[in-house]
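Report on the following structure.
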Amino acid sequence: MKASLFLVLPVVYASWLNNLNYLSPSKRHPQFSIEYRHLSKRDLVSFKGSVEFKHGVASGDPLPDAVILWTKVTPATETTETICVEWSIFPEHNPSRIADSGHVLTSFEVDYTVKVEARNLCSLTTYYYKFNVCNTNQTSPIGRTKTVPRTGDHVPQNLKFAVYSCSNYPAGFFNAFGNPARKDSVEYVIHLGDYIYEYKNGDFGDGTNISRIPEPNRECATLSDYRTRLAQHHTDPDLQLSHQQFPWFIIWDDHDIADNSWRAGSANHPENATAYAKYGVSYASRKANAVRAFYEYLPVRQVSLTDTLRIWRTLQIGDLVDIFFLDTRHYAREITDTYDNTEFIAAIADDQSRTLMGQRQEEWFYDGLMMSNATWKVVAQQIVFAEINITEVGYQNYTFDFDGWSGYRSNRDRVLKTLYDAKINNTIILSGDSHANWVSELTWSNNSDYDSSTGEGAIGVEFAGTAVSSPPIVPGASDLLLNFATQKIINTNSNEHLKWAELVQRGYFELEIGYDSSVATYFGLNVTEQTSSEVQTAQFSVLSGENKLQRPFGGVKAGFLRT
1 MKASLFLVLP VVYASWLNNL NYLSPSKRHP QFSIEYRHLS KRDLVSFKGS
51 VEFKHGVASG DPLPDAVILW TKVTPATETT ETICVEWSIF PEHNPSRIAD
101 SGHVLTSFEV DYTVKVEARN LCSLTTYYYK FNVCNTNQTS PIGRTKTVPR
151 TGDHVPQNLK FAVYSCSNYP AGFFNAFGNP ARKDSVEYVI HLGDYIYEYK
201 NGDFGDGTNI SRIPEPNREC ATLSDYRTRL AQHHTDPDLQ LSHQQFPWFI
251 IWDDHDIADN SWRAGSANHP ENATAYAKYG VSYASRKANA VRAFYEYLPV
301 RQVSLTDTLR IWRTLQIGDL VDIFFLDTRH YAREITDTYD NTEFIAAIAD
351 DQSRTLMGQR QEEWFYDGLM MSNATWKVVA QQIVFAEINI TEVGYQNYTF
401 DFDGWSGYRS NRDRVLKTLY DAKINNTIIL SGDSHANWVS ELTWSNNSDY
451 DSSTGEGAIG VEFAGTAVSS PPIVPGASDL LLNFATQKII NTNSNEHLKW
501 AELVQRGYFE LEIGYDSSVA TYFGLNVTEQ TSSEVQTAQF SVLSGENKLQ
551 RPFGGVKAGF LRT
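Just so it is clear: in the sequence shown, position 252 is 252 by the UniProt record's numbering, and no numbers are missing.
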C-alpha cells in the first residue's frame, strides 16, 4: 500500500463518522450503525452529477456551545456513489467569520442524509449555516439557529418556544409550522411527538382532495417506508420554513412507530405470527426501522450510547428553566390500551407497580426535579397528564384516554408526590397526543388544600396542545357535537382542576418563559388550505412561585372555561 494512502485513511474515516447518521444512538443496538469496515470498501470516487437540497435544512438540540445541523442531498440521477458535503456555520452579523466548518461523506446507506455537530459556538447567539457539495456551487438554503445560555447564567431576555404535536400529512396542511416563522415570534421549537403518522391514505386522514397523499401509500413497517414518509414531510414548505428558521427539540410518540405502542408491541402490531404475516416484519424489527429513520431524518443527538434507545434528556437553560424531555411511550412503558383490552387496562390502572417510564427514567426525573436550581421546571412529554372525567358525554369508562397517564395512575401519583413532598415550585407540564386543547392545574389526590376558584393549593399547571393537522378526538364529529361535549366535560364536578378545554381547532401554542411569569398563547387555524391566517384562541399565565393559573382568565375565544 502506498504511503499516501496511509495518510488519507484517517481523513476518510473522520469524513464518514463525522456524519452522525453512520453511528448508532446506542451501543446496545449496533445494527443501527454502518460499520467502517463496510464503508472503507466503498469506491471513494465522489458523485460528480447534479445534486439538489430539496428537503431543506434543519438544526436541533442546541447547547451553549454546540448545535446539530441536518440536511439531505438528492442526486439528480440514481446512483450508489458517495457524495462529499461541506458545511459551515457563522455568526448572524459576521458571515465572513466561520465559527465551525467541515466536510463529511454521505451515501445510500443513510439515504443521503447528513447530520453533524457544530461546536465552539458562543452561548445565546444566533448563527446561520449552510451546506454545499464539496468543491462546487451546489448549495443548500441558508438556515438560522440559536444556541442556549450557559447553565447557571442569568438569561437577559424572556425565551419563546413554539410547541407542537401530531403532524399528519394527509389530514391537512402544516400551516401551524409556518406561522411562527412568518411572524418571527419564537426562538425555539418543541415537538412532543407524532412528527409523522404511519398510516396509508384514508386510514386516519384523507389527502386526496388536497393533493397530500402519503408516501408510500401503505402503512409504514420497513426502513424504506419510514425513510420515505419522513422525506416527504421534509418537502412540506411550512415545515421546511420552521426547520430552516428555528432549532428544534423533538421527542417521539406512538405514531412515529405505530398506534398506541408500548415497549413490546402496538395496537395494530402485537408481537405474534398474524401481525408478522401482515407486515412482513416483527414489531421489534419495525420499531428498529422507525427509530433508525427517525435519527437519520431529524436533528436530534445521541443522548446516551450505553442506554437502550434513550431520548429522555434534560436541557438546562441558564438559571431560568430546566426542560425535562421524557419518553412515556417506547422506553419502558408497560402494556397500554390497544382498543381490544380497555376493560383490562381500566382494571389495572391503579396497580402500584405499573410504569410509563421505567425505574431508571423515573429516578432520573425525580432527582432532576429535586436538584434543579432553575426558576422554572418544564416537563415536555407526549400524553395528557391530568385526569379528565368524560362520564357526562356517555362513556362507560369514565376516564379520558387509558393510553395516557390515566392508565398509569400510580406513576402519575409518584410525579405529583415528588412535587408536593419536595415543595417544588414553578412546574409546567407540556402535553400533546390528544388532538385537543386542555389547560389544567395540577393537584394531588392526597392534598385536600386545592381551591378550584382561586387555584390555591395547586402544585403546577399543564398546557396540553391540539394537533398540527390530525383529526379531532372523534374523527368526523361536527363542531357542534364537539362543542357540546366540551361544555359537558368542563362542567363535570370532578374536573374542577380543568380550566379550559377546546376540541375543535387544529393549531399550536407559544410558550414565553421569563423570571416573573410564563405565558401560554394558543392559536387555531384552518388546515384544509394553505394559509397564514390564524386566530388567538386563548392565553394563560402563571406567576413565578404561585403554581397556579393567574386569575381572572381572559382572552378566550374558543372552547369553554371553568371559572
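Just so it is clear, CB atoms sit at the ideal spot from N, CA and C, and this is done for glycine as well.
query	result
Inter-residue spacing [alpha-carbon to alpha-carbon] between Ser440 and Arg414	18 Å
CB of Tyr169 within 8 Å of CB of Leu320, strictly	no
Buried versus exposed, by CB contacts within 10 Å (16 or more), Thr113	buried
Where the beta strand (DSSP E) through His103 begins and ends	100-106
Neighbourhood of Tyr276 by C-beta distance below 7 Å, restricted to the same chain and skipping five residues each side	Ser282
Nonlocal neighbours in the same chain, by C-beta distance under 6 Å from Thr151, ignoring five residues either side	Gln316
N- and C-terminal bounds of the beta strand (DSSP E) containing Lys557	From DSSP, Lys557 is part of no beta strand (DSSP E); its letter is neither H nor E.
Cβ-based burial, Pro31 [other Cβ within 10 Å; buried from 16]	Note that residue 31 is Gln in the sequence shown here, rather than Pro. Flag for Gln31 reads exposed.
Local Cβ density within 10 Å of Val474, reported as buried at 16 or more and exposed below that	exposed
Residue 629 versus Gln550 - alpha carbon distance	The chain is shown only over 1 to 563; residue 629 falls outside these bounds and no answer can be derived.
Under 8 Å between C-beta atoms of Trp312 and Val384	no
Exposure label - Val535; buried when at least 16 CB within 10 Å	exposed
Straight-line Cα distance separating Tyr226 from Ile257	9 Å
Range covered by the beta strand (DSSP E) that runs through Ile388	Looking at the DSSP string, Ile388 is not in any beta strand (DSSP E), and its letter there is neither H nor E.
Terminal residues of the alpha helix (DSSP H) in which Thr342 lies	342-348
Counterpart residues of Glu86 in DSSP-defined beta bridges	His103, Asn132
For Leu20, the three-state DSSP class (helix, strand or coil)	helix
Cβ neighbours of His154 in the same chain (closer than 7 Å, five flanking residues each side left out)	Gly318, Asp319
Whole-angstrom C-beta distance between Asn179 and Ser532, which should lie under 8 Å	6 Å
Alpha carbon of Thr336 to alpha carbon of Leu430, nearest angstrom	21 Å
Secondary structure, beta strand (DSSP E): runs of 3+ residues fully inside the segment 171-248	188-191
DSSP beta-bridge partners of Asp322	Gln316, Lys377
Stretch pair the segment 375-393 + the segment 336-345: three plus CB contacts closer than 8 Å	no
Exposure of Pro25, with buried meaning 16 or more beta-carbon neighbours within 10 Å	buried
8 Å Cβ cutoff, Leu230 in contact with chain C	Protein chain content of the structure displayed is limited to a single chain, and chain C is not contained in it.
8 Å Cβ cutoff met for Trp252 and Arg329	yes
Contact between the segment 60-67 and the segment 293-312 (3+ Cβ pairs under 8 Å)	yes
Beta bridge counterpart(s) of Gly432 as assigned by DSSP	Paired residues: none, contrary to the question.
Distance, Ser448 Cα to Thr528 Cα	46 Å
Of the listed residues Asn120, Val110, Ile142, Phe53, nearest to Pro95 (C-alpha basis)	Ile142
Start and end residues, alpha helix (DSSP H) containing Gly514	Here Gly514 belongs to no alpha helix (DSSP H), and DSSP marks it neither H nor E.
For Ser517 and Phe344, the rounded distance between their alpha carbons	42 Å
Own chain, CB closer than 8 Å to Lys417, minus 5 neighbours either side, in chain order	Trp444, Asn446
Validate contact between the segment 122-140 and the segment 79-92 using beta carbons, cut 8 Å, 3 pairs	yes
Beta-carbon spacing of Ser123, Thr82 below 8 Å	no
Own chain residues within Cβ distance below 8 Å of Asp451, not counting five before or after	Gly457
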